[in-house]
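**Student:**
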Amino acid sequence: MYSHLLSPLNLGFTTLKNRVLMGSMHTNLEEIPGGFERAAVYYAERAKGQVGLIVTGGIAPNLEGCVAAHAAKLTTLEEVAQHRLITDAVHAADGKICMQILHTGRYGYHPKTVAPSPIQAPINFFKPREMDGSDILRTIDDYVQCAVLAKDAGYDGVEIMGSEGYLINQFIARRTNQREDEWGGNYKNRIKFPIQIVQKTREALGPNFIIIYRLSMLDLVEDGSSWEEVVVLAKEIEKVGATIINTGIGWHEARVPTIATMVPRKAFAWVTKKLKAEVKIPLVAVNRINSPQTAEEVLEEGCADMVSMARPFLADPHLVFKAMENRADEINTCIACNQACLDHTFQLKISSCIVNPQACHETELKYIPTLQPKSIAIVGAGPAGMAFAHIAAIRGHQVTLYEDSSRIGGQFNLAKEIPGKEEYSETIRYYEVMLQKHHVNILLNHKVHGEELIGKKYDHIILANGIKPRNLDIIGANHPKVVSYTDVLQQKVIIGKSVAIIGSGGIGFDVAEYLTHHPTSDDDIANFLQEWGVDHNYRHAGGISKPMPTSSPREVFLLKRSGGKHGSTLGKTTGWIHKASLISKGVKMLSDVTYLKVDDQGLHISIKDGVQILNVDHVVVCAGQEPSRDLYNELLTLGISAQLIGGADEASELDAKRAINQACTLAASI
Ligand code: FAD
Ligand code: NAP
Ligand code: SF4
């Protein structure tokens, strides 16, 4: 089982225990008081989980290169001492860890940013100052000095971040390097910066230190590198002493999704495979590899020598260990939602994971075995109920989980029907396996009524019975054209050729995606690359071509009462993708809408005093949700106390992140 993935990788002077690299993720832990202590526990947990090599979040080599003002850097001996906490903890757990050196260049969120040319990034407010020749030489020295300090701090190596559009990438690409001196102009000049960094780092640190170079193999932006240029750089980087080349896919400003959930698994492994014949040092494949099976396929198909998984280690720190023990079905799979990791990072919050709220909170949220096992009833097996049942059961409580429908999963059973959200079924699979393993008594097709709980000797009753979709309150709300999103996603109705969606929140967007989806061929990766304009043949610099989305099988209107742009309530790092996808399929987005009535003609609306009739076959109501409180009120009247979690507690701004977090936190304390 997983014979490629679990085989050691001999680097000459050291051996990695398997082919799994935990990719770099900025968690914001290093920026808070006591954060290094927390980061040490966080990384050590992943090392205990048997990952072959960990790469830390990006640490700046100087002030100018910081992600934001006061963000982590490594330039002093005091900072070395803090990093020691991390390396000691990882080594005590028999792990290996490299520190990523990241200079953000024009992507820094502060006014002191620098870049090869003073060109502002489209995703940043701050305009960078142009580096002069002495800035460049000093910055190269800063990289080297940072690597020396990393070695002093006990790291097994460094990763030099040369991709995703950060400073090194900014030197390499003509898009951002318009210098006319010896650091600009032709390609040879533009790649001198990364080559000198790697060369001088190797010279300073000697042969027995891991140097990973993260090479942007597919920029996905105009005026990015051509494939021939990527190969030239890879060969040079190998020549000057890198140990491993890791893959970088897409600049942050690229308009192609690279890691979000609609990106098919291993969608970019072909890029790394292209480079395999060109260099001898180990290559790492990245992006949307989230299971041992997918990782094994990447290696078996000869795409790379190692695989990088980053977010999957937030979702499950013991992913590799479970694969080693042939327990892959017990892995809590990363569903690539970005909601608690990348969205948090960009909001300068501590990262975590929607399906594992313990991630980066290991020292605060602990699941300690109970000394007083209790009998607990949970009503509702959505994300909140499943998560509560799981944590209560692993702590040693006796748990009964009641579910009205014939399956567990709650609204995730609807979410997984959305094209591009198929991964959500993995969370349901995880809980199915874990609840059975920990002997949770699951009673399906069992709608709980208050009276049946009278006289039952439960120490605690937890109501996780979710929400009710909000009904429409206009004339014609009961017209046969009007349906709920639940009817649509459970395929209880055959939807016509033209549709108006009332409500443009997360569910309205998802339903629009569902209704505009047109299955083409079975090759998900080819479809995805074509839809988003990624050139599999790499004919153009940057690897981009004209996007060719599939056409929608129906006309869709996406409506909202409020003003302003659609999609502003969606995830920070994924909202733009959902919106771009719907625009490409011709969805008409209308704001400032007043809903007047529904009749045989369709949906009557007014926008800024102008009345219109949308002559649609169906009106799908996605107008938000309200908590399901009938059972709670019934129990109150019967004098039975119960605790509410998830949507049953509060439906406003509810998402699975809050539902699961609240459930795990309560289950940890009961
Ligand atoms: P629910 O998931 O609603 O579960 C409640 C459960 O209780 C149900 O299974 C129900 O059958 C059961 N039940 C109700 N009454 C009784 C009773 N009397 N007896 C027994 N059982 C009962 N959230 C995100 O964070 N990210 C997303 O990308 C996302 N996408 C979504 C896409 C769609 C299409 C939908 C519909 C939702 C999506 N959500 C998403 C929202 C997320 O699924 C919900 O926030 C989450 O499911 C709420 O969890 P819950 O356990 O509180 O309630
Ligand atoms: P929502 O995000 O709160 O959106 C509800 C929509 O309905 C809004 O567009 C609202 O906007 C409209 N609305 C509210 N009351 C209305 C009324 N009485 N009549 C007509 N329209 C009304 O809720 P949701 O879309 O139901 O999603 C539920 C939760 O699931 C959300 O909180 C979300 O976080 C989560 N979810 C997340 C994702 C994701 O990708 N992260 C995806 C799906 C769901 P106007 O007032 O402007 O009309
Ligand atoms: Fe993966 Fe979502 Fe967890 Fe991030 S929050 S690690 S994307 S499951």
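Per the working numbering, the sequence shown starts with residue 7, numbered consecutively. The beta-carbon is built from N, C-alpha and C at its ideal position, and this holds for glycine as well.
#1: Are the Cβ atoms of phenylalanine 563 and isoleucine 646 separated by less than 8 Å?
#2: Flag glutamine 345 as yes when its Cβ comes closer than 7 Å to any non-hydrogen atom of the ligand SF4, and as no otherwise.
#3: Give the range of the alpha helix (DSSP H) segment to which asparagine 195 is assigned.
#4: Do the CB positions of glutamine 668 and alanine 390 come within less than 8 Å of each other?
#5: Under 8 Å, do proline 128 and arginine 135 count as touching if we go by C-beta distance?
#6: How about threonine 406 and leucine 377: are their beta carbons less than 8 Å apart?
#7: What number of angstroms, rounded off, separates the C-alpha of lysine 663 from the C-alpha of valine 292?
#8: If I'm right that leucine 743 touches methionine 312 with Cβ under 8 Å, what's the distance once you round it to whole angstroms?
#9: Given this structure, state the Cα-to-Cα distance separating asparagine 296 from asparagine 214, to the nearest angstrom.
#10: When every heavy atom of the ligand FAD is checked, does at least one fall within less than 7 Å of the C-beta of lysine 663?
#11: Buried or exposed for asparagine 477, going by 16 or more other Cβ atoms inside 10 Å?
#12: Apart from the five residues on each side of it in sequence, which residues of its chain come closer than 6 Å, Cβ to Cβ, to leucine 459?
#13: Does the Cβ of methionine 554 have 16 or more other Cβ atoms within 10 Å, making it buried, or fewer, making it exposed?
#14: Looking at the unbroken beta strand (DSSP E) that takes in threonine 62, where does it start and where does it end?
#15: Does the region 604-621 come close enough to the region 477-488 that 3 or more CB-CB pairs lie under 8 Å?
#16: Would phenylalanine 534 and histidine 584 qualify as a contact pair, given that the criterion is a beta-carbon distance under 8 Å?
#17: If you check the beta carbons only, do glycine 482 and lysine 355 fall under 8 Å apart?
#18: Suppose only complete runs of 4+ residues qualify. What are the alpha helix (DSSP H) ranges in the region 311-347, listed by chain order?
#19: By the three-class DSSP mapping on this structure, what secondary structure does serine 140 have?
#20: Per DSSP, isoleucine 103 is paired with what?
#21: Identify, in the order they occur along the chain, each residue of the same chain with its Cβ nearer than 6 Å to the Cβ of glycine 456, setting aside the five sequence neighbours on each side.
#22: Taking only the alpha-carbon atoms, compute the straight-line gap between alanine 98 and valine 86 and give it to the nearest angstrom.
#23: Can you tell me whether proline 200 is helix, strand or coil according to DSSP?
#24: Indicate the three-state DSSP secondary structure (helix, strand or coil) for serine 490 in the structure shown.
#25: Cα separation between glutamate 519 and arginine 294?
#26: Between which two residues does the beta strand (DSSP E) carrying methionine 595 extend?
#27: Could you tell me which residues DSSP puts in a beta bridge with threonine 81?
#28: If we ignore side chains and look at the alpha-carbon of each, how far apart do alanine 66 and glutamate 36 end up?
#29: Return yes when the Cβ of tyrosine 49 is within less than 8 Å of the Cβ of valine 96, no when it is not.
#30: Rounded C-beta distance between alanine 387 and glutamate 409? I'm assuming under 8 Å.
#31: In terms of residues, what are the limits of the beta strand (DSSP E) holding isoleucine 508?
#32: Which partner residues of isoleucine 174 appear in the DSSP bridge assignment?
#33: In whole angstroms, what separates the C-alpha of asparagine 332 from that of methionine 7?
#34: By a C-beta neighbour count over all protein chains shown, 10 Å radius and 16 as the cutoff for buried, is lysine 594 buried or exposed?
#35: What does lysine 474 pair with, by DSSP beta-bridge criteria?
#36: Quick test of your reading: methionine 4 and threonine 253, contact by CB under 8 Å. State the CB separation rounded to the nearest angstrom.
**Tutor:** Concretely, from the data shown:
#1: no
#2: yes
#3: The continuous alpha helix (DSSP H) containing asparagine 195 extends over residues 193-196.
#4: yes
#5: no
#6: no
#7: 25 Å
#8: For the chain, the structure presents residues 7 to 676; residue 743 sits outside this window and is missing.
#9: 31 Å
#10: yes
#11: exposed
#12: Hits under 6 Å: Ile646.
#13: exposed
#14: 59-65 is the span of the beta strand (DSSP E), which, as asked, contains threonine 62.
#15: yes
#16: no
#17: no
#18: 318-321 and 325-330
#19: helix
#20: Ile60
#21: Glu640, Leu641 and Leu644
#22: 18 Å
#23: helix
#24: strand
#25: For glutamate 519 and arginine 294, the distance between alpha carbons rounds to 21 Å.
#26: Start and end: 594-596.
#27: Partner(s): none; threonine 81 has no beta bridge.
#28: 12 Å
#29: yes
#30: 4 Å
#31: 504-508
#32: The partner list for isoleucine 174 (beta bridge, DSSP) is empty, contrary to what the question assumes.
#33: A direct Cα-Cα distance of roughly 7 Å separates asparagine 332 from methionine 7.
#34: exposed
#35: Glu632
#36: Outside the modelled stretch of the chain, which goes from 7 to 676, sits residue 4, for which no answer is possible.
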